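As numbered in UniProt numbering, residues 1 to 61 make up the sequence shown, in order. Glycine is no exception: its CB is placed at the ideal position from the N, C-alpha and C atoms. Because the structure is a prediction, the values reported are computed rather than measured.
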Amino acid sequence: MSISRKKIVMILIMLFLLLASIFGTAYIDRVGEYKRAVKETTIEEVNISDIPDGVYIGDQL
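Structural data, given as structure tokens:
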């Protein structure tokens, strides 16, 4: 009993789609967690007088 070439191709396509949906769902979940973490990040007020004077080394635009 041999499986036809068409059935093998269909099984491989279905397997690929299944794996793609699993990895896609996991990726979307990780992106959602990242976006949530970024949204919850707070930036404290910066007091400019606390920053010591210095010399800028680099290109000026």
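Cα atoms of TYR34 and GLY24: separation of roughly 15 Å, rounded to the nearest angstrom. CA-CA distance, PRO52 to THR42, rounds to 24 Å. Spanning the alpha carbons of ASP50 and GLU44 requires a straight line of approximately 14 Å.
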